[in-house]
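Written out below as structure tokens is the structure these notes cover.
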Amino acid sequence: KNQVEQSPQSLIILEGKNCTLQCNYTVSPFSNLRWYKQDTGRGPVSLTIMTFSENTKSNGRYTATLDADTKQSSLHITASQLSDSASYICVVRGDNYGQNFVFGPGTRLSVLP
Amino acid sequence: DAEITQSPRHKITETGRQVTLACHQTWNHNNMFWYRQDLGHGLRLIHYSYGVHDTNKGEVSDGYSVSRSNTEDLPLTLESAASSQTSVYFCASSVGGTDNEQFFGPGTRLTVL
Numbered sequence: 240k241n242q243v244e245q246s247p248q249s250l251i252i253l254e255g256k257n258c259t260l261q262c263n264y265t266v267s268p269f270s271n272l273r274w275y276k277q278d279t280g281r282g283p284v285s286l287t288i289m290t291f292s293e294n295t296k297s298n299g300r301y302t303a304t305l306d307a308d309t310k311q312s313s314l315h316i317t318a319s320q321l322s323d324s325a326s327y328i329c330v331v332r333g334d335n336y337g338q339n340f341v342f343g344p345g346t347r348l349s350v351l352p
Numbered sequence: 423d424a425e426i427t428q429s430p431r432h433k434i435t436e437t438g439r440q441v442t443l444a445c446h447q448t449w450n451h452n453n454m455f456w457y458r459q460d461l462g463h464g465l466r467l468i469h470y471s472y473g474v475h476d477t478n479k480g481e482v483s484d485g486y487s488v489s490r491s492n493t494e495d496l497p498l499t500l501e502s503a504a505s506s507q508t509s510v511y512f513c514a515s516s517v518g519g520t521d522n523e524q525f526f527g528p529g530t531r532l533t534v535l
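So the sequences go chain by chain: A and B.
Just so you know, the working numbering puts the end of the first sequence at 352, numbered straight through with nothing missing.
Just so you know, the working numbering puts the end of the second sequence at 535, numbered straight through with nothing missing.
Right, dumping it as structure tokens:
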């Protein structure tokens, strides 16, 4: 069964600190992996997308990594800000046909002053 | 600016009533999607459309229907609302292609009593 798991379920850090969120997936065949940020009460917004051949992709203070062999991805947030408080969702697309997107349950990040 | 909107933002209804949630996008995207988001679950696909008069069932389509009469709108109808359909509903749209970034609306919180 195609699944996407994320850890930790929730995380609390102090402003200015770094953190890393994990995503493990069993989706096969693999097309791409995307990280979304979802603020409370809002829809998800895309941060990065990576295909099979990409290992790292950055978007400002957000850096995503992908290991397609072990089917793992991580999202690293550098110098966290209060505005980073949100849920971060890992989404894996299974193939190039149809709408085979599998969404992870998300990691809830709280950044405290 | 182009955008995607949903209405209403909050809705309370009774079991057995028919409910329609609206979704409107001004990007002229061909693809539109409806998801539901529940605690502990990732977003799950209800229905999607690749263009006018095209509709397809997603993972959790039972009890829901959609119709696409124009490019901009994809209303979601709950034929006979059930308490299990209490959830937050997100509409999304995309241009299409392998990248397939989806742009999400702000969500509708539906409570079925």
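Just so it is clear, CB atoms sit at the ideal spot from N, CA and C, and this is done for glycine as well.
Residues of its chain near residue i, where Cβ-Cβ distance is below 7 Å and the 5 sequence neighbours each way are ignored
i	result
Phe291 (chain A)	Phe269, Ala307
Phe512 (chain B)	Tyr457, Gln459, Leu465, Phe526, Gly527, Gly529
Arg332 (chain A)	Ser270, Asn271, Asn339, Phe340
Leu305 (chain A)	Leu272, Met289, Glu293, Asn294, Ser312
Glu254 (chain A)	Ser319, Gln320, Leu321, Val350, Leu351, Pro352
Ser483 (chain B)	Ile468, His469
Asn492 (chain B)	Val474
Nearest candidate by alpha-carbon position, reference residue i, set the options
i	options	result
His392 (chain B)	B:Asn522, B:Arg531, B:Val534	The displayed coordinates of chain B run from 423 to 535. Any statement about residue 392 (chain B) would go beyond what the structure contains.
Val243 (chain A)	A:Leu348, A:Gly299, A:Leu272, A:Ser324	A:Leu272
Leu314 (chain A)	A:Lys276, A:Asn241, A:Val266	A:Lys276
Pro430 (chain B)	B:Ser506, B:Ala444, B:Ala514, B:Gly518	B:Ala444
Lys256 (chain A)	A:Pro283, A:Gly282, A:Tyr301, A:Ala318	A:Ala318
Ser300 (chain A)	A:Ser267, A:Val266, A:Gln320	Just to set this straight, residue 300 (chain A) is Arg in the shown sequence, not Ser. For the residues A:Ser267, A:Val266, A:Gln320, the minimum Cα distance to Arg300 (chain A) belongs to A:Gln320.
Trp274 (chain A)	A:Val284, A:Gln248, A:Leu253, A:Lys240	A:Val284
Asn481 (chain B)	B:Leu467, B:Ser515, B:Asn492	Asn is not the amino acid found at residue 481 (chain B); the sequence shown has Glu there. Per the Cα distances, B:Leu467.
His446 (chain B)	B:Gln428, B:Val488, B:Gly485, B:Ser487	B:Gln428
Ser505 (chain B)	B:Gln524, B:Gly518, B:Gly438	B:Gly438
Ser249 (chain A)	B:Lys479, B:Asn492, B:Leu461, B:Asp423	B:Leu461
Interface residues of chain B facing residue i [CB-CB closer than 9 Å]
i	result
Val243 (chain A)	Gly464
Ile328 (chain A)	Gly464, Leu465
Chain B contact residues for residue i, given Cβ-Cβ distances below 7 Å
i	result
Pro283 (chain A)	Phe526
Proximal chain A residues relative to residue i, where beta-carbon distance stays under 8 Å
i	result
Glu523 (chain B)	Arg273, Ser285, Ile288
Gly529 (chain B)	Gly280, Arg281, Gly282
Check whether residue i and residue j have beta carbons under 8 Å apart
i	j	result
Thr499 (chain B)	Thr442 (chain B)	yes
Lys296 (chain A)	Tyr264 (chain A)	no
Glu501 (chain B)	Gln440 (chain B)	yes
Ile434 (chain B)	Ser515 (chain B)	no
Spatial neighbours of residue i in its chain, beta-carbon cut-off 8 Å, leaving aside the 5 residues before and after
i	result
Thr508 (chain B)	Leu532, Thr533, Val534
Glu436 (chain B)	Ala503, Val534, Leu535
Arg490 (chain B)	Met454, Ser471, Gly473, Val474, His475, Asp476, Thr477, Leu496
Supposed contact pair residue j and residue i - C-beta distance, whole angstroms, cut 8 Å
i	j	result
Cys258 (chain A)	Ile328 (chain A)	At roughly 16 Å, the Cβ-Cβ gap does not stay under 8 Å, so Cys258 (chain A) and Ile328 (chain A) are not in contact.
Thr346 (chain A)	Ser326 (chain A)	7 Å
Asn298 (chain A)	Thr287 (chain A)	5 Å
Pro344 (chain A)	His463 (chain B)	6 Å
Closer than 8 Å at the beta carbon, the chain B residues around residue i
i	result
Arg332 (chain A)	Asn522
Gly345 (chain A)	Gly464
6 Å Cβ shell around residue i - same chain, five flanking residues per side excluded
i	result
Ser246 (chain A)	Gln261
Ser349 (chain A)	Ile251, Ser324
Thr302 (chain A)	His315
Val510 (chain B)	Gln459, Gly529, Arg531
Val266 (chain A)	Asn241, Val331, Gly333, Val341
Ser487 (chain B)	Thr499
Gly518 (chain B)	Asn452, Asn453
Gln524 (chain B)	Ala514, Ser516
His432 (chain B)	Arg531
Residue i beta carbon near the ligand GTP (any heavy atom closer than 7 Å)
i	result
Phe455 (chain B)	The model depicted lacks the ligand GTP and carries no ligand whatsoever.
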